[in-house]
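Protein chains in written order, with numbering that gives the first Met the number 0: chain V, 0 to 555; chain G, 0 to 102.
Ideal Cβ positions, reconstructed from N, Cα and C, are used throughout, including at glycine.
Contents: one structure, followed by commentary.
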Amino acid sequence: MNAPIGHYQYDSVDRDFLAARIDEFADQVARRIDGALTEDEFKPFRLMNGLYLQLHAYMLRVAIPYGTLDSRQMRMLAEIARTYDRDYGHFTTRQNIQFNWIRLEDTPEILRRLASVDMHAIQTSGNCIRNVTSDQFAGASADELVDPRVHAEILRQWSTLHPEFTFLPRKFKLAVSGSPEDRVAARFHDVGVIARPGPDGTLFRIFVGGGMGRTPAVGKEIFDSVREEDLLATLEAILRVYNAHGRRDNIYKARIKILVEALGIDAYREAVLAELAQMDMALYRLTPDMVAAIRARFAAPDLTAPPDATATFEADRARHPAFDRWTRSNTHPHRAPGYISVTVSLKPAGGIPGDATSSQIDGLADLADSYSFGELRITHMQNVVLAHVRQDRLFDLFQALDELGLATPNVGLVSDIIACPGLDYCALANSRSIPIAQKLSARFGDPTLQEEVGRLRINISGCINACGHHHAGHIGLLGVDKRGEEFFQITLGGRSDNNAAIGEILGPALPEDDTVDAIARIVDRYLSIRELGETFLDTLSRLGDAPFREAAYETA
Amino acid sequence: MKRPTRLGEGQKLILTANRLLDGHIVWRDAAGQWRPSITHAAQLDTDTAQTALETLDAQKEGVVGVYEVAVHPGIPPSPVSVRERIRAFGPTVHPEFATELEP
Numbered sequence: 000m001n002a003p004i005g006h007y008q009y010d011s012v013d014r015d016f017l018a019a020r021i022d023e024f025a026d027q028v029a030r031r032i033d034g035a036l037t038e039d040e041f042k043p044f045r046l047m048n049g050l051y052l053q054l055h056a057y058m059l060r061v062a063i064p065y066g067t068l069d070s071r072q073m074r075m076l077a078e079i080a081r082t083y084d085r086d087y088g089h090f091t092t093r094q095n096i097q098f099n100w101i102r103l104e105d106t107p108e109i110l111r112r113l114a115s116v117d118m119h120a121i122q123t124s125g126n127c128i129r130n131v132t133s134d135q136f137a138g139a140s141a142d143e144l145v146d147p148r149v150h151a152e153i154l155r156q157w158s159t160l161h162p163e164f165t166f167l168p169r170k171f172k173l174a175v176s177g178s179p180e181d182r183v184a185a186r187f188h189d190v191g192v193i194a195r196p197g198p199d200g201t202l203f204r205i206f207v208g209g210g211m212g213r214t215p216a217v218g219k220e221i222f223d224s225v226r227e228e229d230l231l232a233t234l235e236a237i238l239r240v241y242n243a244h245g246r247r248d249n250i251y252k253a254r255i256k257i258l259v260e261a262l263g264i265d266a267y268r269e270a271v272l273a274e275l276a277q278m279d280m281a282l283y284r285l286t287p288d289m290v291a292a293i294r295a296r297f298a299a300p301d302l303t304a305p306p307d308a309t310a311t312f313e314a315d316r317a318r319h320p321a322f323d324r325w326t327r328s329n330t331h332p333h334r335a336p337g338y339i340s341v342t343v344s345l346k347p348a349g350g351i352p353g354d355a356t357s358s359q360i361d362g363l364a365d366l367a368d369s370y371s372f373g374e375l376r377i378t379h380m381q382n383v384v385l386a387h388v389r390q391d392r393l394f395d396l397f398q399a400l401d402e403l404g405l406a407t408p409n410v411g412l413v414s415d416i417i418a419c420p421g422l423d424y425c426a427l428a429n430s431r432s433i434p435i436a437q438k439l440s441a442r443f444g445d446p447t448l449q450e451e452v453g454r455l456r457i458n459i460s461g462c463i464n465a466c467g468h469h470h471a472g473h474i475g476l477l478g479v480d481k482r483g484e485e486f487f488q489i490t491l492g493g494r495s496d497n498n499a500a501i502g503e504i505l506g507p508a509l510p511e512d513d514t515v516d517a518i519a520r521i522v523d524r525y526l527s528i529r530e531l532g533e534t535f536l537d538t539l540s541r542l543g544d545a546p547f548r549e550a551a552y553e554t555a
Numbered sequence: 000m001k002r003p004t005r006l007g008e009g010q011k012l013i014l015t016a017n018r019l020l021d022g023h024i025v026w027r028d029a030a031g032q033w034r035p036s037i038t039h040a041a042q043l044d045t046d047t048a049q050t051a052l053e054t055l056d057a058q059k060e061g062v063v064g065v066y067e068v069a070v071h072p073g074i075p076p077s078p079v080s081v082r083e084r085i086r087a088f089g090p091t092v093h094p095e096f097a098t099e100l101e102p
């Protein structure tokens with residue numbers, strides 16, 4: 000087989016490892032079923048293989064390293080949804096997919112089928128380094144300085160079953176970007192890595208100690224210019240300091256952000272430098288040959304477009320207003336002339352954010368084959384990207400997406416809502432997230448209204464674990480339980496870009512229906528008080544939250 | 000040791016778990032059978048529920064994660080918390096996945 004476009008090509012070593020791992024897990028499942036293993040003994044094993052026991056059934060979370068997969072892998076996800084689940088999958092905020100209705104006894108077979116297309120569920124749970132995330136426009140974006148997938152893959156291989164970091168104090172999340180615009184929420188990760196070219200090779204700016212959860216924190220810069228050859232040693236040292244000093248006595252204080260806050264970034268940096276000083280740097284050196292060997296496992300697409308591709312595209316836009324509108328919200332500039340990147344929204348008005356049926360997943364795989372070199376990316380916004388689309392073929396793609404019910408023109412707009420599964424599925428949640436997301440997206444479903452509102456991001460979490468990233472939402476909603484009833488706390492001003500900030504609580508939590516009305520009033524107030532060209536965050540920054548508080552808590 | 004669930008006036012306890020093989024939610028009836036519908040779950044007082052929790056063998060009965068749920072008595076009983084109502088009747092966002100109740 001030719002190397003896939005967009006992600007690393009497995010070899011026999013990778014495949015033998017996966018096969019052995021599945022055999023091991025199949026034996027653990029058999030021993031659990033016959034009672035040789037208790038649930039307490041089995042739980043760490045199943046979590047290491049992505050298998051949770053959730054509210055209604057087992058849930059299997061499948062890893063999609065740096066969010067990139069090919070069409071045969073996408074079709075396998077559809078096949079698993081159809082055969083072993085209830086005909087749909089849910090794309091997550093860590094660029095993975097999860098299946099909510101899995102049977103324990105089917106799991107080894109599912110993992111074997113995933114392995115047949117070089118996929119697995121490792122690093123999707125447990126106190127290890129989780130699936131590495133990256134920019135959904137990696138290798139395609141016009142503003143990109145360094146393609147981050149090569150280093151994301153290097154970090155995936157370095158972190159997978161790393162013997163020293165398999166039992167960290169808590170889970171550990173890494174994101175890698177190569178663009179000056181932070182599209183990976185680098186500053187909200189345990190470690191965020193931003194690559195850029197230097198005079199003598201790639202340099203890495205590294206942030207540590209970011210995170211969401213009950214103690215949200217914006218990551219702090221620990222190093223500005225780590226050389227490529229020192230990248231693994233530096234990350235190893237950062238992890239070692241955390242592994243040695245991170246708290247294990249209190250699950251709520253076990254993330255690296257707590258340690259960074261307790262020590263202070265300067266002391267943390269000193270500890271890392273001390274660790275580096277006593278490490279055998281030659282052992283950890285990431286050589287140009289190693290990087291080149293990984294880069295060679297990625298095939299490059301032939302990005303030759305006809306000279307009139309852009310003219311054809313502009314003519315299509317002029318002829319078809321709905322296409323033009325969708326283009327404005329759902330496309331991103333490509334580095335190659337005549338090409339464009341497309342974000343397929345999985346957020347139809349009134350729909351469940353991130354859900355896709357098996358036929359939609361199959362359909363997306365077919366469209367990837369026809370329009371984007373057989374390659375797809377899952378975004379942390381719970382959408383799907385076709386990264387390399389020829390501009391003169393974009394209108395055909397739009398029509399094909401429309402037939403699949405996947406042409407919603409709302410990416411980055413108010414109905415492009417991120418929501419965790421919430422109490423409808425999650426064993427940890429206090430309240431449901433999906434119903435309020437559905438109500439809000441229906442309320443703001445009118446495409447004209449959404450364009451008028453402009454860039455506005457709503458994030459919803461069903462509990463303080465913040466899987467819906469509400470701290471980073473321009474408008475954030477946190478579900479809380481008040482004597483058995485669902486209420487929502489509103490935060491304003493969160494963002495996960497270069498100016499990352501944690502949203503601030505607006506006031507007392509509101510019942511669900513009142514919350515929908517309150518958000519609508521906040522948006523109305525923004526429209527009435529904004530100045531020309533101001534985004535919601537601009538207006539909030541200029542006037543503070545008082546006008547929005549007044550609107551939110553206004554009583555009829 | 001886990002503290003017994005506090006009951007409001009007129010409330011009862013029922014026992015629930017997930018089935019080991021498929022994870023699906025089940026409810027224990029008066030005969031000690033685990034059933035997918037909440038309709039005929041045995042409605043117990045605190046002491047009886049506690050005794051049942053201490054004596055049942057989850058592995059032998061093919062279930063995992065057994066615990067008690069406070070309910071308003073009736074047929075079917077109605078769980079007090081939103082969480083348990085969702086477990087009993089299915090996710091609210093997929094009506095087609097609603098749990099079928101036995102008559």
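{"Asked": "In chain G, which residues lie less than 7 Å from Arg-442 of chain V when you measure between Cβ atoms?", "Found": "Here the premise fails: no neighbours, minimum Cβ distance about 16 Å."}
{"Asked": "Nearest to Gly-61 of chain G by alpha carbon, out of G:Glu-83, G:Asp-21, G:Lys-11?", "Found": "G:Asp-21"}
{"Asked": "Quickly, what does DSSP pair Arg-284 of chain V with across the bridge? List them, please.", "Found": "According to DSSP, Arg-284 of chain V bridges with nothing at all."}
{"Asked": "Would a check of beta-carbon distances place Pro-76 of chain G closer than 8 Å to chain V?", "Found": "no"}
{"Asked": "My parser needs the alpha helix (DSSP H) runs of 4 or more residues fully inside the stretch 67-146 of chain V; what are they?", "Found": "70-83, 106-114"}
{"Asked": "Report, in whole angstroms, the separation of the C-beta atoms of His-379 of chain V and Arg-93 of chain V, which I expect to be a contact under 8 Å.", "Found": "7 Å"}
{"Asked": "With DSSP collapsed to three states, give me the class of Phe-203 of chain V.", "Found": "strand"}
{"Asked": "Would you kindly report the start and end of the unbroken beta strand (DSSP E) that includes Phe-486 of chain V?", "Found": "484-491"}
{"Asked": "Taking Gly-49 of chain V and Thr-123 of chain V to be in contact with their CB atoms under 8 Å, please state how far apart those CB atoms are, rounded to whole angstroms.", "Found": "4 Å"}
{"Asked": "Step through the CB atoms of chain G and report whether any lies within less than 8 Å of the CB of His-89 of chain V.", "Found": "no"}
{"Asked": "Quick check: the Cα distance between Arg-82 of chain G and Leu-54 of chain V, rounded to an integer number of angstroms?", "Found": "9 Å"}
{"Asked": "Could you give the C-beta distance for Leu-505 of chain V and Phe-487 of chain V, rounded to a whole number, given that I count them as a contact under 8 Å?", "Found": "Their Cβ separation, rounded to whole angstroms, is 11 Å, which puts Leu-505 of chain V and Phe-487 of chain V out of contact at 8 Å."}
{"Asked": "So what's Phe-222 of chain V in DSSP terms, helix, strand or just coil?", "Found": "strand"}
{"Asked": "Name the chain V residues whose beta carbon is nearer than 7 Å to that of His-39 of chain G?", "Found": "Near His-39 of chain G there are no residues of chain V at all, since even the closest Cβ is about 20 Å away, more than 7 Å."}
{"Asked": "Name, please, each residue of chain V whose Cβ falls closer than 9 Å to the Cβ of His-71 of chain G.", "Found": "What His-71 of chain G touches in chain V: nothing, since even the nearest Cβ is about 12 Å away."}
{"Asked": "On the three-state DSSP scale, how would you describe Lys-346 of chain V?", "Found": "coil"}
{"Asked": "When you check each C-beta in the stretch 33-63 of chain V against every C-beta of chain G, which residues fall closer than 8 Å?", "Found": "Gly-34, Thr-37, Glu-38, Leu-52, Gln-53, Leu-54, His-55, Ala-56, Tyr-57"}
{"Asked": "What does Arg-27 of chain G reach in chain V if we use C-beta pairs closer than 9 Å?", "Found": "Going along chain V, no residue has its Cβ under 9 Å from Arg-27 of chain G, so there is no contact; the nearest lies around 17 Å."}
{"Asked": "Does Thr-342 of chain V pass the burial test, meaning 16 or more other C-beta atoms within 10 Å, or should it be called exposed?", "Found": "buried"}
{"Asked": "Using a Cβ-Cβ cutoff of less than 7 Å, which residues in the same chain neighbour Ser-178 of chain V once the five nearest sequence positions on both sides are dropped?", "Found": "Asp-134, Ser-140, Asp-142, Glu-143, Leu-144"}
{"Asked": "Which residues bound the beta strand (DSSP E) around Asn-48 of chain V?", "Found": "Segment: none, Asn-48 of chain V is in no beta strand (DSSP E) and carries neither H nor E."}
{"Asked": "Figure out for me which residue from V:Ser-176, V:Asp-248, V:Ile-128 has the closest Cα to the Cα of His-161 of chain V.", "Found": "V:Ile-128"}
{"Asked": "Which residues of chain G have a Cβ atom closer than 8 Å to the Cβ of Leu-422 of chain V, listed in chain order?", "Found": "Val-81, Arg-82, Ile-85"}
{"Asked": "Shorter than 7 Å, the distance from the beta carbon of Gly-125 of chain V to the closest heavy atom of the ligand HEM, or not?", "Found": "Looking at this structure, you won't find the ligand HEM or any other ligand, since it has none at all."}
{"Asked": "Can you tell me whether Asp-315 of chain V is buried or exposed? The criterion is at least 16 other CB atoms within 10 Å of its CB, across all chains shown.", "Found": "buried"}
{"Asked": "Comparing C-alpha positions only, which one of V:Arg-246, V:Tyr-7, V:Val-183, V:Ile-21 sits nearest to Asp-556 of chain V?", "Found": "Within the shown structure, residues of chain V are numbered from 0 to 555, placing residue 556 of chain V beyond reach of any answer."}
{"Asked": "Leu-272 of chain V lies in the alpha helix (DSSP H); which residues open and close that run?", "Found": "264-276"}
{"Asked": "Taking DSSP's pairing of strands, which residues face Leu-366 of chain V in a bridge?", "Found": "In DSSP, Leu-366 of chain V forms no bridge with anything."}
{"Asked": "Name the chain G residues that come within less than 8 Å of Leu-103 of chain V, Cβ to Cβ?", "Found": "Leu-19, Leu-20, Asp-21, Gly-22"}
{"Asked": "Please list the terminal residues of the continuous beta strand (DSSP E) segment that includes Pro-320 of chain V.", "Found": "Here Pro-320 of chain V belongs to no beta strand (DSSP E); instead the alpha helix (DSSP H) covers 320-329."}
{"Asked": "In angstroms, rounded to a whole number, what distance separates the CA positions of Thr-303 of chain V and Gly-337 of chain V?", "Found": "8 Å"}
{"Asked": "Cβ atoms of Ala-499 of chain V and Val-217 of chain V: under 8 Å apart, would you say?", "Found": "yes"}
{"Asked": "So is Asn-95 of chain V buried or exposed if we call it buried at 16+ other beta carbons inside 10 Å?", "Found": "buried"}
{"Asked": "Does Glu-530 of chain V pass the burial test, meaning 16 or more other C-beta atoms within 10 Å, or should it be called exposed?", "Found": "exposed"}
{"Asked": "Using a beta-carbon distance cut-off of less than 7 Å, what residues from the stretch 396-419 of chain V approach chain G?", "Found": "none"}
{"Asked": "Comparing C-alpha positions only, which one of V:Gly-34, V:Arg-45, V:Met-280, V:Arg-74 sits nearest to Gln-58 of chain G?", "Found": "V:Gly-34"}
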